[in-house]
Structure formats: structure tokens, C-alpha cells
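S.K.: The sequence shown stops at residue 218 when you use this note's numbering, and every number in between is there.
Note that beta-carbon positions come from the ideal geometry of N, C-alpha and C, so glycine has one too.
Given the structure is predicted, the values throughout are model-derived calculations rather than measurements.
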Amino acid sequence: MTSLDVYHNLPIPEHLFNLKFAAKELQRNSRKCDKEEKSEKTKVKQAIQKGNMEAARIHAENAIRQKHQSINFLRMSARVDAVASRVQTAVTMNQVSKSMSGVVKSMDATLKSMNLEKISALMDKFEKQFETLDVQTAQMEDTMSSTTTLTTPQVTLLVISQEGNTPEPFLDLNLELPAGQTSSLASSVASAEQVRYPSRAGRYEQKYLSQYTFENLR
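(1) Pull up the distance between the alpha-carbon of residue 44 and that of residue 35, whole angstroms please.
(2) Count the other C-beta atoms from every protein chain shown that fall within 10 angstroms of the C-beta of residue 15, then say buried if there are 16 or more, exposed otherwise.
(3) Could you tell me the alpha carbon to alpha carbon distance between residue 211 and residue 83, rounded to whole angstroms?
(4) Just to confirm before moving on: does the CB-CB distance between residue 55 and residue 41 stay below 9 Å?
(5) Let me know the secondary structure DSSP gives residue 115 once reduced to three states.
(6) Nearest CA to the CA of residue 68: which residue from 32, 128, 53 and 24?
(7) Can you check whether the CB of residue 38 is closer than 9 Å to the CB of residue 81?
(8) With DSSP collapsed to three states, give me the class of residue 52.
(9) When you compare only the Cα positions, how much space is there between residue 23 and residue 60?
(10) In three-state DSSP terms, what is residue 76?
(11) Do residue 116 and residue 72 have their beta-carbon atoms positioned less than 9 Å apart in this structure?
(12) How is residue 123 classed by DSSP in three states: helix, strand or coil?
(13) In or out: residue 46 buried (at least 16 other Cβ within 10 Å) or exposed?
(14) Is residue 78 buried or exposed, if buried means 16 or more other CB atoms sit within 10 Å of its CB?
(15) From residue 126 to residue 58, what distance separates their C-alpha atoms?
(16) Just to confirm my understanding: we take residue 123, look at its own chain, exclude 5 residues before and 5 after, and list those with CB closer than 7 Å. What are they?
(17) Thinking just about the alpha-carbon of each residue, which of 129, 25, 128 and 17 is nearest to the one in residue 75?
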């Protein structure tokens, strides 16, 4: 059995751990590059002091390369960490598809290589899987929202105080009513002549039901 076979036999949580570990390893590599950059800058100054401008130029190029490499490692660390969070969410919500599972199980060797180009290609695969998952989730949410809108009438009650005769919204409720009971609700509310509500900030002691507006009641 090869090391790659061992990776493929690991459960998803183990691969997820490796993904998070890779993000931290990329951060460590970024810090190493920062140290190398500082070291090269010191060598630039020393070379200039000795009058060796060619060596100073080489060390300056090395410092610039280390700086760029540090930024690349840091960016990739953030990208891998974001993917790890998405995988964690997918595992928690039991949304790991077969194709996503295949990508997860093939990633360990790539992450161990710390090759930014290969890791970037791997992250592209992950993000493509998440785009598909996002579309499916959005479609499901739209369907649920449409169903709720069709089956949920809105009831709005307006009240007038004894003091100022100023209508104020008192209730704005979404009530899920069984079919055929909408008219009975309207009749019950319309038959009420007086409703006592709790006082609000001590200003209203007695409030009377004055207007009933029923929206989307059929």
C-alpha cells in the first residue's frame, strides 16, 4: 500500500485536519520568508559599505523575491483556511458530495509538497465544488421561501388610543392558517368591540380596536 493509498483511506475529518494544518504551515513559510528578506537587506547594506555593488544588487533582488514569496504564502494560507471552513460546514450539514469527497481525499500529497502552483490548482477545484453547492442551496432556499409566501397570509391590526385618535401599528403577524379558516378568523376579529392591551410606556391604558387590515387573506 502506497502513502497515497493511505491518504485515500482516511476519513473526511482527518483530511480536514490536514487542510487546517497546511494553512498554518503556509503561514510559517511566510514568516520564514520575512526573516530571509530581512537577512538579505542586511547583506545589501554590508555589500554597499564594502563597495561591492554587484553583490548588493544580487542581495536586493533576493530580498524582493523573498518579500513576494512571503505575500504569496500568506495569501494561499488565507485561501486554504477559507476552504477548510467551507469543508467543515459541509461536513457538519452533511453536504459533502461524492465529487467533493474525491477532491478532499486527493489533496494531502499536494498540500505536503507546499508547491503554491499545485495548491492553487487544488483550491480552484474546491471552490468550483462550493459554487455548485451554493447554487443548489440558493435554489432550495428560494423554493422554501416561495412555499411559505403562498401559504402564509399576513394580518395587520391598527389601534387608536383614547387620547389622540392616532392610529399606530400594534400587531404585524405572519400566521400560518389551515385552508378554509381564513374567513372564520376575519369574522372573529370583526365581532370584537373592545380589546384591552398592555400599557406601553405608561401612555395607553385602554385601546380600542378600530381598523382591521387583512392582506393576502383568501
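M.R.: Quick answer:
(1) 14 Å
(2) buried
(3) Low local confidence applies: a pLDDT of 42 at residue 211 is under 50, so the model's placement there is unreliable, and no value is given.
(4) no
(5) coil
(6) 32
(7) no
(8) coil
(9) 29 Å
(10) In the structure shown, residue 76 sits in a helix (DSSP, three-state: H, G or I).
(11) yes
(12) helix
(13) Flag for residue 46 reads exposed.
(14) exposed
(15) 39 Å
(16) 79, 80 and 83
(17) Closest option to residue 75, Cα to Cα, is 25.
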